[in-house]
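Note sheet for the following structure.
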Amino acid sequence: MQVASLRGEGGEELQMVIFKLGDETFGVDVHQVREIIKMKEYTRIPNAPPYIRGVINLRGQITVIIDLQKIFNMRSGSVESSDSRIIIVDAKDANVGIMVDAVLGVTRIQRKNVEPPPLLSKSKNLEFIKGIAKHGENLVIIIDLEQLLSHIKNTEASTVEIGGEATSVENPGP
585 MQVASLRGEG
595 GEELQMVIFK
605 LGDETFGVDV
615 HQVREIIKMK
625 EYTRIPNAPP
635 YIRGVINLRG
645 QITVIIDLQK
655 IFNMRSGSVE
665 SSDSRIIIVD
675 AKDANVGIMV
685 DAVLGVTRIQ
695 RKNVEPPPLL
705 SKSKNLEFIK
715 GIAKHGENLV
725 IIIDLEQLLS
735 HIKNTEASTV
745 EIGGEATSVE
755 NPGP
């Protein structure tokens with residue numbers, strides 16, 4: 585399981601960027617974060633999936649903005665405020681930012697404090713969660729960014745929006 589690898593890789597601690605989505609606290613590995621920017625105006629893309637908020641121009645690079653609240657089926661999606669940020673992440677072949685309600689900072693979490701996500705959860709997106717960490721009195725949901733971005737890329741490559749409904753299409757081979 586992913587938690588076993590979290591507990592076994594590298595030193596005793598994970599270094600995480602901690603952020604808020606709604607009332608929940610999430611974290612991503614600091615090594616997967618390129619930068620954190622203030623929320624900026626974005627351009628919506630017609631017929632894009634609901635979790636794609638739009639795109640921004642970041643120093644000449646078109647960057648796709650992902651709304652994690654839509655992916656995790658949290659309320660109606662992120663609400664933009666003066667605390668909102670975009671976390672620009674290392675995606676191998678794309679420029680991607682994730683929209684968050686607030687960045688709380690960078691912190692170290694003991695690997696031994698990471699537990700697997702509850703098996704009782706019926707969330708279809710549980711595979712995007714590496715584990716849940718105890719950090720002081722708080723719980724931090726650790727996101728598996730690689731899995732999430734890979735899923736989005738594969739879904740986008742195999743789905744075409746037609747008249748507002750997703751229709752699967754075969755990916756032509758090389």
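The opening residue of the sequence shown carries number 585 in the working numbering; numbering runs sequentially from there. Glycine residues also receive a C-beta, built at the ideal position from the N, C-alpha and C atoms.
Quiz item: What's the gap between the Cα of Val724 and the Cα of His735?
Solution: 22 Å
Quiz item: What residue does the alpha helix (DSSP H) around Leu642 start on, and which one ends it?
Solution: First-last for Leu642: 636-642, but that is the beta strand (DSSP E), not the alpha helix (DSSP H).
Exercise. Quick one: grab the DSSP three-state call for Glu721.
Key: coil
Exercise. Name, in chain order, the residues that DSSP records as bridge partners for Asp651.
Key: Met683
Practice problem: Drop a sphere of 10 angstroms on the beta-carbon of Lys714, count the other beta-carbons inside from all chains shown, and report buried for 16 or more, exposed for fewer. | Solution: buried
Quiz item: Short check: CB of Ile693 to CB of Phe712, under 8 Å?
Solution: no
Quiz prompt | Which listed residue (Ile646, Met623, Arg659, Lys622) has its alpha carbon closest to that of Ile629 | solution = Ile646
Quiz prompt | Nearest-angstrom Cα separation, counted from Lys696 out to Pro634 | solution = 36 Å
Practice problem: Hey, could you find the ends of the beta strand (DSSP E) Gln599 is sitting in? | Solution: 597-605
Quiz item: Can you tell me whether Gly611 is buried or exposed, with buried defined as 16 or more other CB within 10 angstroms of its CB?
Solution: buried
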